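A short worksheet on the structure shown next.
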Amino acid sequence: MRGEYKVPQGKLVAVDLDVVEDRLRHVSVSGDFFLEPDSALEDINAALEGMPATAGAEELAQAVTRALDPQVALVGFSADAVGIAVRRALGHATSWADHTFEVIGPRVLPPAVHVALDEVLPGEVAAGRRGPLMRIWDWDAPLVVIGSFQSVRNEIDPDGLARHGMTVVRRVSGGGAMFMEPGNCITYSLVVPTSLVEGLSFERSYAFLDDWVLGALKEVGVNARYVPLNDIASDAGKIGGAAQKRFASGVVLHHVTMSYDIDADKMLEVLRIGREKMSDKGTASANKRVDPMRSQTGMSRAAIIDSFIAHFEGRYDTVRSDYTEDELARAEQLVQDKFLDDTWTYRVP
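Just so we're aligned, residue 64 is where the sequence shown starts under our numbering, counting upward by one.
Below, the structure written as structure tokens:
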């Protein structure tokens, strides 16, 4: 059995092993990482030898850590990475290469419907009616989307919201508010099985699931990096943020919004917390715009989205797809029954 794990912005870890009487045997760890002293590789293999085949990634990582002298230097990988590679060898964890991803390109819908689709589609993937997927949002009306645990009172200025004809919708994932006008940002959602992030902490899973978009950004001229917990930043500052929800059904929803060209003055009139966050960023001047994607690429939003999709399809096994009529109907019903209902919206007043 063989399993591999590529550490985001790090090195590849591979593990070859057998299972004999429910124990790991003949374990051999390899990869393009660095390890000092090199004799520590024997200690890693020995730590895994005889471990239960049912051991989780964390338990395996702990065994490796206990076996290593504190002076051992693991460069480009970690004990956690070894644990994940073992779980992949055993078939309990999966890699990107184990899946065919459905790709749904931008389709203009009411923005609240996109919020509802982030509840509908994970159910479809969990039920096996869909494969893992990546989809791009597009919308036709302004909306503020707040995180599952945010306070409406603390986040939203009702006068500014009404003045600019916006509504507020609470999404199912945590994180911060998204100020969304047509064409002002780029948003995508991933729905994947939890096996893809097996052994990863929440923090590490954010960077892992967005590793592809860092490559996509580089292709359009943006030198981007991940800033824990959930920010994507460029040389010119933050350009986006991620949010995530893990469902008990065995799937993970992960979505990202990146600024393309946002009217900062309008945003600060609507988002109370935005005033606090932006107060030290020199955005008090009139008509200030937050346009990292537009200014750094010189490309249209549509061209960037096309490039992102091409990068994702070039990196993974994919098939083009679209929403079904049933999915859209259920999303629209959820908008009415939940996402525009005050009971949900103001569950945290």
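All residues carry an ideal CB built from backbone N, CA and C; glycine is no exception. Values in this document were obtained by computation on a predicted structure and should not be read as measured data.
Asked: Cutting at 6 Å between CB atoms, please list the residues of its own chain near Ser252, excluding the five before and the five after it.; Found: Asp181, Arg198, His318
Asked: Would you mind working out which of Pro256, Ala299, Tyr409, Arg170 sits nearest Phe250, comparing C-alpha positions?; Found: The residue asked about is misnamed: residue 250 is Thr in this sequence, not Phe. Among Pro256, Ala299, Tyr409, Arg170, the Cα nearest to that of Thr250 belongs to Arg170.
Asked: Just list the residues that DSSP pairs Lys308 with in beta bridges.; Found: Leu316
Asked: Work out the CA separation of Gly168 and Gly304 for me, nearest whole Å.; Found: 20 Å
Asked: Taking 9 Å as the threshold (C-beta atoms), are Ala142 and Ala124 in contact?; Found: yes
Asked: Counting only the same chain and skipping the five closest in sequence on each side, list residues whose C-beta sits under 7 Å from that of Phe271.; Found: Pro71, Val260, Leu263
Asked: Are the beta-carbon atoms belonging to Glu105 and His89 less than 9 Å from one another?; Found: no
Asked: For the candidate residues Leu397, Leu391, Pro100, Val283, whose alpha-carbon lies nearest to that of Ile367?; Found: Val283
Asked: Any idea which residues DSSP pairs Trp202 with across the strands?; Found: Leu172
Asked: What first and last residue would you give for the beta strand (DSSP E) that runs through Ala142?; Found: Taken as a continuous stretch (DSSP letters only), Ala142 belongs to no beta strand (DSSP E), being part of the alpha helix (DSSP H) at 142-152.
Asked: What is the rounded straight-line gap between the Cα of Lys74 and the Cα of Phe97?; Found: 9 Å
Asked: According to DSSP, Leu253 sits in a beta bridge with which residue or residues?; Found: Met197, His317
Asked: My understanding is that Arg357 touches Asp324, with C-beta atoms under 8 Å, so please give their C-beta distance in whole angstroms.; Found: 5 Å
Asked: What span of residues does the alpha helix (DSSP H) with Lys281 cover, start to end?; Found: 274-282
Asked: Quick check: Tyr379 and Trp159, are their CB atoms within less than 9 Å of each other?; Found: yes
Asked: For Asp81, write down the residues that DSSP places opposite it in a beta bridge.; Found: Arg88
Asked: Less than 9 Å separating the beta-carbons of Arg76 and Phe164?; Found: A quick correction: the sequence has Val, not Arg, at residue 76. No. Outside cutoff.
Asked: In whole angstroms, give me the CA-to-CA distance for Asp222 and Ile336.; Found: 15 Å
Asked: Given 8 Å as the limit, tell me if Ile107 has its C-beta closer than that to any heavy atom belonging to the ligand COA.; Found: Ligands in the displayed structure: none, and consequently the ligand COA is not present.
Asked: If the criterion is Cβ atoms closer than 9 Å, does the pair Asp203 and Ala152 meet it?; Found: no
Asked: Give the DSSP-derived three-state secondary structure of Arg233 in the structure shown.; Found: strand
Asked: Compare the Cα-Cα distances from Ala156 to each of Asp273, Met362, Ile219, Gly313 and report the closest residue.; Found: Gly313
Asked: Quick one: what's got a C-beta closer than 7 Å to Phe212's C-beta in the same chain, skipping five residues either side?; Found: Gly237, Val411
Asked: Can you pull the DSSP bridge partners for Gly94?; Found: Val76
Asked: If I measure Cβ to Cβ from Asn286 and keep anything under 7 Å in the same chain, skipping five residues before and after, which residues do I get?; Found: Ser297, Asp298
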